[in-house]
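Student:
2 protein chains.
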Amino acid sequence: MGRAEKKRARQERLVREIGKNPFLKDEELAKKLKVSVATIRLDRTELGIREYRERIRDVAEHSADGTGDCGEVLDFNLFHDGISILNTLDAAVFEDSTVVKGQAMYAYAENLALSVINAKSALIRVANIKYLREVNRGDRLVAKYEVMRVKNSEYVVWVRIKKDMSEMFRAKFNLSVTDEREI
Amino acid sequence: MGRAEKKRARQERLVREIGKNPFLKDEELAKKLKVSVATIRLDRTELGIREYRERIRDVAEHSADGTGDCGEVLDFNLFHDGISILNTLDAAVFEDSTVVKGQAMYAYAENLALSVINAKSALIRVANIKYLREVNRGDRLVAKYEVMRVKNSEYVVWVRIKKDMSEMFRAKFNLSVTDEREI
DNA sequence: TGTTATTTATGAGCAGGTCATAAAAACAAA
DNA sequence: TTTGTTTTTATGACCTGCTCATAAATAACA
Chain A
1148 MGRAEKKRAR QERLVREIGK NPFLKDEELA KKLKVSVATI RLDRTELGIR EYRERIRDVA
1208 EHSADGTGDC GEVLDFNLFH DGISILNTLD AAVFEDSTVV KGQAMYAYAE NLALSVINAK
1268 SALIRVANIK YLREVNRGDR LVAKYEVMRV KNSEYVVWVR IKKDMSEMFR AKFNLSVTDE
1328 REI
Chain B
1148 MGRAEKKRAR QERLVREIGK NPFLKDEELA KKLKVSVATI RLDRTELGIR EYRERIRDVA
1208 EHSADGTGDC GEVLDFNLFH DGISILNTLD AAVFEDSTVV KGQAMYAYAE NLALSVINAK
1268 SALIRVANIK YLREVNRGDR LVAKYEVMRV KNSEYVVWVR IKKDMSEMFR AKFNLSVTDE
1328 REI
């Protein structure tokens, strides 16, 4: 292996390792990849990977924040529909695998459904979920969400998530708004 | 207010504030409660509340671990049913409120459903969710889960969650096992 | 008034970094 | 073999958000 390929291979591995376990410190990564801590830091900055503490905070905010992750919003029409790109890099996965848990997909869908009706807080009455295909950590997903019906403060919102044009996940929520966000 | 009551009141408030938002640093807490940072630190150690970074890590680990929270398991019969007590103290809530998010309830239910069929990893095909009543952070919930049907590796599992005898949440999962855990 | 609980301040030390800089090593091409 | 370039490693100053120990200031109460 030439110098450049070695570097590339290592950086790829770095991404995988941190993707698998964001709770690895530079020192631990250095041991794993058998290079110096300085190299790990260099690689991280080249790859735009944040430091240990910030990664941890991201994961925590993700799970605890009030607003909820709606991904990168490409299109959005309040009370109508929207399109988002979801990055599954820090979604919860099953032990020793890269398979994203249903609960992570559900959380995405719920966040999107709430966002499209501008609900800071809403009671979900019913949720019907269909998992069509296995999602893996790192998959780049496109979510389309749409308000299908409104009656009083009762909404029906659909969320459909695709990867490479093929549908992975579908959800239908019946929501009743209790508290609208000022626009 | 005497000296001791003032202290007690402040410490109670401290617990509430951190409970509501674990992402508060001592400096921010000091401003909120209008005391010095030193006092906050003293209060924290007296109350056994861990420091900012450790709190964040706790939240992150909680959300990122592969196993999933199944609460305190009171009764459990593999492939049949079980009963758990769920502590909602660190469930995700809506902004500025104590209302537990649907996604937190869903995650509990999914974890329970997976545990009862001994599935380290499983594909959920369908989930039907009914939210009957609002759950608040701190509510002590009792969850009963039961395998209703099995055919090949296809399971139907029900999860019902109650608080004080009244039903709060109901879920039905259709799961297909892909990887059984050794017993 | 002094005594005592409570609060605040100060300084050293730690983990896990950033950033800038420099030296060393590895390799490719002349 | 020597030179040039990339890649890796090392070093030191600085940062945040703490802990821990110690001391000083403030306030409550008898």
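Protein chains in written order, with the working numbering: chain A, 1148 to 1330; chain B, 1148 to 1330.
All C-beta atoms, glycine included, are put in the ideal place defined by N, C-alpha and C.
So is Leu-1221(A) buried or exposed if we call it buried at 16+ other beta carbons inside 10 Å?
Tutor: Counting from 1 along the first sequence, the entry for residue 1221(A) is found at position 74. Per the 10 Å Cβ criterion, exposed.
Student: Would you tell me roughly how many angstroms separate the C-alpha atoms of Asn-1283(B) and Ile-1203(B), rounded to the nearest one?
Tutor: Locating residue 1283(B) in the second sequence gives position 136, where the first residue counts as 1. Locating residue 1203(B) in the second sequence gives position 56, where the first residue counts as 1. Straight through space, the alpha carbons of Ile-1203(B) and Asn-1283(B) are spaced by roughly 21 Å.
Student: Secondary structure at Val-1182(A), three-state DSSP: helix, strand or coil?
Tutor: Against the first sequence, residue 1182(A) aligns to sequence position 35. Secondary structure of Val-1182(A) (DSSP, three-state): coil.
Student: The ligand PLP and Leu-1221(A): does the residue's C-beta get closer than 7 Å to at least one heavy atom of that ligand?
Tutor: Although the ligand PLP was asked about, the structure shown includes no ligands whatsoever.
Student: Along the chain, where does the alpha helix (DSSP H) that runs through Met-1312(A) open and close?
Tutor: Position 165 of the first sequence, counting from 1, holds the residue named residue 1312(A). No alpha helix (DSSP H) holds Met-1312(A); DSSP gives it neither H nor E.
Student: Please state the DSSP three-state secondary structure of Asp-1190(A).
Tutor: For this step, residue 1190(A) is matched to residue 43 along the first sequence. In this structure, Asp-1190(A) counts as helix in the three-state DSSP scheme.
Student: Can you check whether the C-beta of Leu-1176(A) is within less than 8 Å of a C-beta belonging to chain B?
Tutor: Here residue 1176(A) is taken as the residue at index 29 of the first sequence, counted from 1. For Leu-1176(A), the answer is no, since every Cβ of chain B falls outside 8 Å of its Cβ.
Student: What residues are listed by DSSP as bridge partners for Arg-1284(A)?
Tutor: In the first sequence, the residue the question calls residue 1284(A) occupies position 137. Arg-1284(A) pairs with nothing; no bridge assigned.
Student: Find out if the Cβ-Cβ distance for the pair Asp-1216(B), Tyr-1278(B) is shorter than 8 Å.
Tutor: Sequence index remark: in the second sequence, residue 1216(B) carries index 69 (1-based). Sequence index remark: in the second sequence, residue 1278(B) carries index 131 (1-based). Not closer than 8 Å, so no.
Student: CA-CA distance, Arg-1157(B) and Arg-1188(A)?
Tutor: For this step, residue 1157(B) is matched to residue 10 along the second sequence. For this step, residue 1188(A) is matched to residue 41 along the first sequence. Distance between the alpha carbons of Arg-1157(B) and Arg-1188(A) is about 42 Å.
Student: Could you check the C-alpha separation between Val-1303(B) and Leu-1259(B) for me, to the nearest Å?
Tutor: Here residue 1303(B) corresponds to residue number 156 of the second sequence, with the count starting at 1. Here residue 1259(B) corresponds to residue number 112 of the second sequence, with the count starting at 1. Roughly 13 Å between the two C-alpha positions.
Student: Provide the residue span of the alpha helix (DSSP H) that contains Ser-1262(A), from first to last.
Tutor: In the first sequence, residue 1262(A) corresponds to position 115, counting from 1. From DSSP, the alpha helix (DSSP H) with Ser-1262(A) extends over 1249 to 1263.
Student: How big is the Cα-Cα spacing for Asn-1299(B) and Arg-1317(B)?
Tutor: The residue labelled residue 1299(B) in the question sits at position 152 within the second sequence. The residue labelled residue 1317(B) in the question sits at position 170 within the second sequence. Approximately 25 Å between the Cα atoms of the pair.
Student: Would Val-1246(B) and Glu-1281(B) qualify as a contact pair, given that the criterion is a beta-carbon distance under 8 Å?
Tutor: The residue you call residue 1246(B) lines up with position 99 of the second sequence. The residue you call residue 1281(B) lines up with position 134 of the second sequence. Between Val-1246(B) and Glu-1281(B), the C-beta spacing is below 8 Å.
Student: What are the residues of the stretch 1271 to 1300 of chain A that lie near chain B, defined by any Cβ-Cβ distance shorter than 7 Å?
Tutor: Identification of residues in the stretch 1271 to 1300 of chain A having a C-beta nearer than 7 Å to some C-beta of chain B yields Ile-1271, Arg-1272, Val-1273, Ala-1274, Asn-1275, Ile-1276, Lys-1277, Tyr-1278, Glu-1281, given in sequence order.
Student: Going along the chain, which residues of the stretch 1243 to 1264 of chain B sit with their C-beta nearer than 8 Å to a C-beta in chain A?
Tutor: Asp-1243, Ser-1244, Val-1246, Lys-1248, Gly-1249, Gln-1250, Tyr-1253, Ala-1254, Glu-1257, Asn-1258
Student: Would you check if the distance between the CB atom of Glu-1235(B) and the CB atom of Asp-1286(B) is smaller than 8 Å?
Tutor: The sequence position of residue 1235(B) within the second sequence is 88, counting from 1. The sequence position of residue 1286(B) within the second sequence is 139, counting from 1. The question names Glu, yet the displayed sequence has Thr at residue 1235(B). Cβ atoms of Thr-1235(B) and Asp-1286(B): closer than 8 Å.
Student: My guess is that Tyr-1292(A) and Gly-1229(A) are in contact by the Cβ rule of under 8 Å, so how many angstroms apart are they, rounded?
Tutor: The residue given as residue 1292(A) occupies position 145 in the first sequence. The residue given as residue 1229(A) occupies position 82 in the first sequence. Sure, about 5 Å apart at Cβ, within 8 Å.
Student: Quick check: the Cα distance between Leu-1288(B) and Lys-1153(A), rounded to an integer number of angstroms?
Tutor: For the purposes of this step, residue 1288(B) is identified with residue 141 of the second sequence, where counting begins at 1. For the purposes of this step, residue 1153(A) is identified with residue 6 of the first sequence, where counting begins at 1. Using only the alpha carbons, I get a separation of about 53 Å.
Student: Of all the CB atoms in chain B, is at least one closer than 8 Å to the CB of Ala-1185(A)?
Tutor: Here the question's residue 1185(A) lines up with position 38 in the first sequence. False, the Cβ-Cβ gap to chain B never drops below 8 Å.
Student: Any idea what DSSP makes of Ile-1232(B), helix, strand or coil?
Tutor: Counting from 1 along the second sequence, the entry for residue 1232(B) is found at position 85. In the structure shown, Ile-1232(B) sits in a strand (DSSP, three-state: E or B).
Student: If we count the other Cβ atoms within 10 Å of its Cβ and call it buried at 16 or more, is Glu-1257(B) buried or exposed?
Tutor: As a working note, residue 1257(B) is residue 110 in the second sequence. It counts as buried.
Student: Using 8 Å as the limit for Cβ to Cβ distance, is Val-1182(B) near chain A?
Tutor: Numbered from 1 along the second sequence, position 35 holds the residue referred to as residue 1182(B). Look at Val-1182(B): its C-beta is not under 8 Å from any C-beta on chain A.
Student: If the cut-off is 9 Å on Cβ atoms, which residues from the stretch 1191 to 1210 of chain B count as contacting chain A, listed in chain order?
Tutor: Arg-1200, Arg-1202, Ile-1203, Arg-1204, Asp-1205, Val-1206, Ala-1207, Glu-1208, His-1209, Ser-1210
Student: Are the beta-carbon atoms belonging to Val-1273(B) and Asn-1224(B) less than 8 Å from one another?
Tutor: Sequence index remark: in the second sequence, residue 1273(B) carries index 126 (1-based). Sequence index remark: in the second sequence, residue 1224(B) carries index 77 (1-based). No. Outside cutoff.
Student: So what's Glu-1198(B) in DSSP terms, helix, strand or just coil?
Tutor: Counting from one through the second sequence, the residue named residue 1198(B) turns up at place 51. DSSP places Glu-1198(B) in coil when its eight states are reduced to three.
Student: By the DSSP assignment, the beta strand (DSSP E) with Val-1246(A) in it spans what residues?
Tutor: Residue 1246(A) sits at position 99 when you count from the first residue of the first sequence. Val-1246(A) -> no beta strand (DSSP E), and no H or E assigned at all.
Student: In its own chain, which residues sit with a C-beta less than 6 Å from the C-beta of Gly-1233(B), not counting the 5 before and 5 after it?
Tutor: In the second sequence, residue 1233(B) corresponds to position 86, counting from 1. Correcting the residue identity first, residue 1233(B) is Leu in this sequence and not Gly. Result list for Leu-1233(B): Gly-1218, Tyr-1255, Leu-1288, Ala-1290, in chain order.
Student: Can you check DSSP and say which residues form a bridge with Asp-1173(B)?
Tutor: By 1-based counting over the second sequence, the position of residue 1173(B) is 26. None; Asp-1173(B) has no bridge partner.
Student: Helix or strand or just coil, what does DSSP make of Asp-1216(B)?
Tutor: The sequence position of residue 1216(B) within the second sequence is 69, counting from 1. Asp-1216(B): coil per DSSP, three-state reduction.
Student: Could you tell me whether the Cβ atoms of Asn-1275(B) and Asn-1168(A) are closer together than 8 Å?
Tutor: Indexing the second sequence from 1 puts residue 1275(B) at position 128. Indexing the first sequence from 1 puts residue 1168(A) at position 21. Result no, Cβ atoms of Asn-1275(B) and Asn-1168(A) do not sit closer than 8 Å.
Student: Just tell me which of Ser-1262(B), Arg-1155(B), Val-1162(B) has its CA closest to the CA of Val-1324(B).
Tutor: Numbered from its first residue, the second sequence carries residue 1324(B) at position 177. Ranking the options by Cα distance to Val-1324(B), first place goes to Ser-1262(B).
Student: What's the call for Lys-1248(B), buried or exposed, on a 16-neighbour Cβ count within 10 Å?
Tutor: As a first step, residue 1248(B) must be located in the second sequence, where it is residue number 101. The Cβ neighbour count for Lys-1248(B), taken over all protein chains shown within 10 Å, is at least 16; the residue is labelled buried.
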